[in-house]
Amino acid sequence: MQFKDIVGQSVTANHLTEIIDSGRVSHTQMFLGETASGSLALAIAYAQYLNCEHRVHYDSAEGGLRADSCGECPSCKKYRQLTHSDLHFFFPNAATAQVKGTGISSADFQGEFREFLNARRQVGTLDEWYDFVGVEKSQGIVRERDADEMTRALGLKAYEGGYKVVIVWMAEKVNTTAANKILKTLEEPTPDTLIILVAESSEKMLSTIVSRAQTVRVPRIKAGAPEPNEEFNTLYVTWMRQLFKLNMASLSSWVDTLHAKGREQQKRFLLYAQEAIRDSFLRNNAGLPSRMDFGDAKFNASFPAMITERNIELLNEAFNNAIYAIERNAYAKIAFMELSFRISKALKKR
Ligand SMILES: [Zn+2]
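Right under this line is the structure:
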């Protein structure tokens, strides 16, 4: 996971890369915030950045980011597949139809957990995880055996020569016995190790653990509040011009460009374009100033007048459906083509 693939968290990402770049990496960190807002994804991107061999720094803000991992070095490739041998996950677990017995732990669900992370782009919630693995809701805990395995993982020599990283997802589900064991590990840190506790709330956690961790607050992301993005703006303007003329040949190549992007990028672009259209509506109907610069002077001289109260609802609904489809792994090419036709139709109803 690279920071660029995480929606709406560039401020937090910049804070995190700065911690690493300035060499102030604490042995234990707590990422406090909703998984759906990217707390787990940020933890993974943070560990990937820490171990990246060719970190990238941007002169100008690219999507608001100042730095990111390269995505290409051997460590990044393994992080992307979630197969890095020095990356260890612990998470709430419980007996299932397939995995029974008294000695269960996260180790019994490593394959499923990685599948879950991939399927839900690392923003799947705890309930979704329980559904995914077939566990009764609220039965999962991080147990004593997990704590033992964590100590063992951290005691091993790093296979790949970088940092050994342990990520405990939903750390509020660590039971007391396990928490006390983990506390011992935190008190005697081994070099080049990083423990990241990812939690939605610190209230149910042992205060001794909380006090030992450097806390990073992950803000809740508000949908429909995109950041300025030049690439998106160009894509948006090109798209709207094509839809107005319904130029099929160039529309099809535009759709191919979008299809080739990652899902988070596709979703982020859709939120951006939806906001740009809402902005046109407000500009045209309420004479309100823009919250952000969308389009360009030539485009803005004529396009806002196309968005009226006769089509704004249709457009919104079309975007919401497309975002929903992308989130659920629909075939992107079809989702973008369908959305294009709906927008084109709506624009005629002005
Ligand atoms: Zn790298």
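Following the working numbering, the numbering of the sequence shown begins with 13 at its first residue and continues without gaps.
We treat Cβ as the ideally placed atom computed from N, Cα and C, and that holds for glycine.
None of these values were measured; they are calculated from a predicted model.
Task: Close-in-space but distant-in-sequence residues of the same chain around Val154 (CB under 8 Å, 5 per side omitted) - done: The sequence position of residue 154 within the sequence shown is 142, counting from 1. The answer, listed in chain order, is Phe102, Phe103, Pro104, Asn105, Ser118, Val180, Met182, Ala183, Lys185, Val186, Asn187 and Ala190.
Open item on the list: Using C-beta distances below 6 Å, list every residue in its chain close to Ile194, excluding the 5 sequence neighbours before and after it, in chain order.
Closed with: One-based indexing of the sequence shown puts residue 194 at position 182. The beta carbon of Ile194 is closer than 6 Å to those of Ala159 in its chain, skipping five residues each way along the sequence.
TODO: Report the option in Arg224, Gln286, Phe311 and Glu46 whose CA atom is closest to the CA atom of Arg253.
DONE: By 1-based counting over the sequence shown, the position of residue 253 is 241. Cα-wise, what sits closest to Arg253 is Phe311.
Open item on the list: For Phe102, report the span of its beta strand (DSSP E) as first-last.
Closed with: Position 90 of the sequence shown holds residue 102. Phe102: member of the beta strand (DSSP E) spanning Leu99 to Phe102, first to last residue.
TODO: Check whether the Cβ of Ser87 sits closer than 8 Å to any heavy atom of ligand 1, and report yes or no.
DONE: Here residue 87 refers to the residue found at position 75 of the sequence shown. Because some heavy atom of ligand 1 lies under 8 Å away, the Cβ of Ser87 counts as near it: yes.
- [ ] Pick helix, strand or coil for Tyr171, following the three-state DSSP scheme.
- [x] Indexing the sequence shown from 1 puts residue 171 at position 159. Residue state, collapsed to three classes: coil.
Open item on the list: Suppose the cutoff is 7 Å on Cβ atoms and the five residues either side in sequence are ignored; what does the same chain contact list for Arg369 look like?
Closed with: There is no way to answer for residue 369, as the model of the chain reaches only from 13 to 362.
Open item on the list: Along the chain, where does the beta strand (DSSP E) containing Ile179 start, and where does it finish?
Closed with: For the purposes of this step, residue 179 is identified with residue 167 of the sequence shown, where counting begins at 1. Ile179: member of the beta strand (DSSP E) spanning Lys176 to Trp181, first to last residue.
TODO: Give a yes or no on contact between the stretch 54-64 and the stretch 20-37, applying the rule of three or more CB pairs nearer than 8 Å.
DONE: Yes: at least three Cβ pairs fall under 8 Å.
Open item on the list: Is Gly83 near ligand 1 - that is, is its Cβ less than 8 Å away from at least one heavy atom of it?
Closed with: Within the sequence shown, residue 83 is the residue found at index 71, counting from 1. Correct: Gly83 has its Cβ closer than 8 Å to ligand 1.
Open item on the list: By the DSSP assignment, the alpha helix (DSSP H) with Gln226 in it spans what residues?
Closed with: As a working mapping, residue 226 is identified with position 214 in the sequence shown. Premise fails: Gln226 lies in the beta strand (DSSP E), Gln226 to Arg229, not in any alpha helix (DSSP H).
- [ ] Would you list, in sequence order, the uninterrupted beta strand (DSSP E) runs of no fewer than 3 residues that lie entirely inside the stretch 188-276?
- [x] Counting only runs of 3 or more, we get 205-211 and 226-229.
Task: Any 3 or more C-beta pairs closer than 8 Å across the stretch 83-103 and the stretch 159-179 - done: Pairwise C-beta distances place the stretch 83-103 in contact with the stretch 159-179, as three or more of them are shorter than 8 Å.
Task: CA nearest to the CA of Lys16, picked from Thr227, Asn241, Ala211 and Ile346 - done: Numbered from its first residue, the sequence shown carries residue 16 at position 4. If we check each option's Cα against that of Lys16, Asn241 comes out closest.
- [ ] Compute the distance between the beta-carbons of Thr377 and Val228, then report whether it is under 9 Å.
- [x] There is simply no residue 377 to check, as the chain begins at 13 and stops at 362 in what is shown.
Open item on the list: If you reduce the DSSP assignment to three classes, tell me which class Arg67 lands in.
Closed with: Along the sequence shown, read from residue 1 onward, the residue named residue 67 stands at position 55. It is coil, neither helix nor strand.
Task: Among Thr108, Leu77, Gly76 and Ala57, the one whose alpha carbon lies nearest that of Gly83 - done: Numbered from 1 along the sequence shown, position 71 holds the residue referred to as residue 83. The residue with the shortest Cα to Cα distance from Gly83 is Ala57.
Open item on the list: Among Gly35, Ser51 and Arg36, whose alpha-carbon lies nearest the alpha-carbon of Pro406?
Closed with: In the structure displayed, the chain extends from 13 to 362; residue 406 sits before or after that span and is not available.
Open item on the list: Alpha carbons only, please: which of Thr137, His96 and Val147 is nearest the one belonging to Phe121?
Closed with: As a position in the sequence shown, residue 121 is number 109, starting the count at 1. Nearest option by C-alpha distance: Val147.
Task: Residue closest to Arg362, alpha-carbon to alpha-carbon, out of Ala342, Ile324 and Ile338 - done: Start at 1 with the first residue of the sequence shown, and residue 362 comes out as number 350. Of Ala342, Ile324 and Ile338, the residue nearest in Cα terms is Ile324.
TODO: Rounded to whole angstroms, what's the CA-CA distance from Gln151 to Leu294? Just pull it up for me.
DONE: The count along the sequence shown starts at 1 and reaches residue 151 at position 139. The count along the sequence shown starts at 1 and reaches residue 294 at position 282. If you draw a straight line from the Cα of Gln151 to the Cα of Leu294, it comes to about 48 Å.
Task: Coil, strand or helix - Leu129 by DSSP - done: Position 117 of the sequence shown holds residue 129. Looking at Leu129 - three-state DSSP - the assignment turns out to be helix.
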